[in-house]
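Input: a single structure, listed below in structure tokens.
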Amino acid sequence: MVSCDERDKKARKTIQYPCLIIEVLSPGTESFDRGKKFQNYRRISTLKEYVLVSANEIMIECFRLNEKGVWEFYSYHEGDNIELKSVNFSCPLDLIYEDVFLGE
774 MVSCDERDKK
784 ARKTIQYPCL
794 IIEVLSPGTE
804 SFDRGKKFQN
814 YRRISTLKEY
824 VLVSANEIMI
834 ECFRLNEKGV
844 WEFYSYHEGD
854 NIELKSVNFS
864 CPLDLIYEDV
874 FLGE
């Protein structure tokens, strides 16, 4: 979770105004992370991107709020560069998965 909000600068335990939330998916929580959890996260007025990282394959999915207030979906795969606009970050997806053993 990342916050760029001044109100979170002194936060010790809880970030209340995130601009980016990243979840690593597991088989037991994937449905909840994609469904009810994302539904609740969309209520956070400062949230700009919600990212789901696969633990089974080289794939990251990003839901990004556009200027019209609509969530857009982006999917990144092996060989792609991931872009997280909320924090002005990009890098090859392969670097994120470097030295990671992917389970089935």
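Residue numbers for the sequence shown, in our numbering: 774 to 877. We put the CB at the ideal spot given by N, CA and C, even for glycine.
Exclusion of the five residues before and after C864 leaves N854 and I855 as the residues of its chain whose Cβ lies within less than 8 Å of its Cβ. As the crow flies, the alpha-carbon of S827 is around 6 Å from that of I833.
In the three-state scheme derived from DSSP, where H, G and I count as helix and E and B as strand, V860 is classed as helix. Distances from the alpha-carbon of Y849 to those of E830, E779, R815 and F805 put E830 closest. For L866, the enclosing alpha helix (DSSP H) starts and ends at L866 to I869. Rounded to whole angstroms, L875 and D867 show a C-alpha spacing of 13 Å. Boundaries cannot be given for F874, as no alpha helix (DSSP H) includes it and DSSP labels it neither H nor E. Remark: C-beta atoms of K821 and S859 approach each other more closely than 8 Å.
Residue burial annotation: V797 is exposed, with fewer than 16 other C-beta atoms found within 10 angstroms of its C-beta.
A distance of 8 Å or more separates the beta carbons of V843 and C835.
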